[in-house]
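A.B. asks: Got a structure for you, written out below as structure tokens; questions coming shortly.
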Amino acid sequence: MYVASALAILVVMGLTLVRAILGPTAFDRLLAVNMFGTKTVLLIAVVGFMTERPDFLDIALVYALVNFLSTLAVLRFFERQISEGTAPTGEG
Amino acid sequence: MMDFCLLDILTALLLTVGCFLGISGGVGLYRLPDFFTRQHATGVTDSVCSFAILFALMLQAGFTLVSVKLCFVLVFLIVTSTTATHALAKTALKKGIRPLLGREDKR
Chain A
53 MYVASALAIL VVMGLTLVRA ILGPTAFDRL LAVNMFGTKT VLLIAVVGFM
103 TERPDFLDIA LVYALVNFLS TLAVLRFFER QISEGTAPTG EG
Chain B
5 MMDFCLLDIL TALLLTVGCF LGISGGVGLY RLPDFFTRQH ATGVTDSVCS
55 FAILFALMLQ AGFTLVSVKL CFVLVFLIVT STTATHALAK TALKKGIRPL
105 LGREDKR
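The structure is reproduced here in structure tokens:
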């Protein structure tokens, strides 16, 4: 049961990685990386239950916060670029 | 055959729902044509898929510290994923990305 759900989450993580590599704009990549982080939290929780060591949940908790912080940091960078009026392309 | 109790059946059901929604959201993130439609696909997995899987694990854990930790993960995911989605959409709109619907060059 846990193995099947871990495999399904791994499939989803592969799809998000494909989008993160292909993504036409930087925001697609950022979206894919954010979703990858959420799936990583779920994968850590499920694997912790699979191996009967639920202490992994601490790592999942920290990972959720770090993922959120990284997304917001990159978005702040974009907002500062916009307010300074440089490179308004969205490509990259 | 009676060693499956109700909690195990509920856990399997919730894990199945979560995995189905996660895979559908992943396929949507890969296939949909636009940034905002992709964000819609991500929103499905970020909300219902995470809630279903974490709630299934909570049913297996029972009233322990593990369940409290799962509750914390759930609350953090609720707060952070909505905030990140909002900030992403707002910054993309400011940056000049327009939705596909209502744009002249439909590509």
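Respectively, the protein sequence lines represent chains A and B. Each position in the first sequence, counted from 1, maps to that position plus 52 in my numbering. Each position in the second sequence, counted from 1, maps to that position plus 4 in my numbering. Beta carbons are placed, not taken as given, at the ideal position from N, Cα and C, and that holds for glycine.
(1) Give the interface partners of residue 39 of chain B over in chain A, defined as CB-CB distance under 7 Å, in chain order.
(2) How big is the Cα-Cα spacing for residue 70 of chain A and residue 30 of chain B?
(3) Looking only at its own chain, which residues have a Cβ that is under 8 Å from the Cβ of residue 65 of chain A, when we skip the five neighbours before and after it?
(4) Exposed or buried, residue 116 of chain A, counting other C-beta atoms within 10 Å across all chains shown (16 or more means buried)?
(5) Just to confirm, are residue 60 of chain A and residue 99 of chain A a CB contact at a threshold of 8 Å?
(6) Nearest to residue 32 of chain B by alpha carbon, out of B/44, B/22, B/21?
(7) Residue 66 of chain B versus chain A: which residues are under 7 Å apart at the beta carbon?
(8) By how many angstroms is the C-alpha of residue 72 of chain A removed from the C-alpha of residue 85 of chain B?
(9) Quick check on this structure: which residue in A/125, A/53, A/135, A/136 has the alpha carbon closest to the alpha carbon of residue 91 of chain B?
(10) Look at the Cβ atom of residue 18 of chain B, then the Cβ atom of residue 76 of chain B, and state whether they are nearer than 8 Å.
(11) For a contact meaning CB atoms closer than 9 Å, what does residue 111 of chain A contact in chain B?
(12) Going by C-alpha distance, which of A/102, A/78, A/67, A/83 is nearest residue 56 of chain A?
(13) Taking residue 76 of chain B as the query, report the chain A residues whose CB atoms sit under 7 Å from its CB, ordered along the chain.
(14) Would a check of beta-carbon distances place residue 42 of chain B closer than 8 Å to chain A?
C.D. replies: Judging by the given coordinates:
(1) Within chain A, the residues near residue 39 of chain B are 77, 79, 80.
(2) Distance between the alpha carbons of residue 70 of chain A and residue 30 of chain B: 10 Å.
(3) So the qualifying residues of the chain are 88, 91, 92, 95.
(4) Under this definition residue 116 of chain A is a buried residue.
(5) For the 8 Å CB-CB criterion, residue 60 of chain A and residue 99 of chain A do not form a contact.
(6) Of B/44, B/22, B/21, the smallest CA-CA separation from residue 32 of chain B is found for B/44.
(7) What residue 66 of chain B touches in chain A, judged by beta-carbon distance under 7 Å, is nothing: the nearest beta carbon there is about 11 Å away.
(8) Their backbone Cα atoms lie some 18 Å apart in a straight line.
(9) Check the Cα spacing between residue 91 of chain B and each of A/125, A/53, A/135, A/136: the tightest is with A/125.
(10) Result no, Cβ atoms of residue 18 of chain B and residue 76 of chain B do not sit closer than 8 Å.
(11) The contacting residues do not exist; residue 111 of chain A stays about 11 Å from chain B at best.
(12) Nearest C-alpha to residue 56 of chain A: A/102.
(13) Within chain A, the residues near residue 76 of chain B are 113.
(14) By this cut-off, residue 42 of chain B is an interface position.
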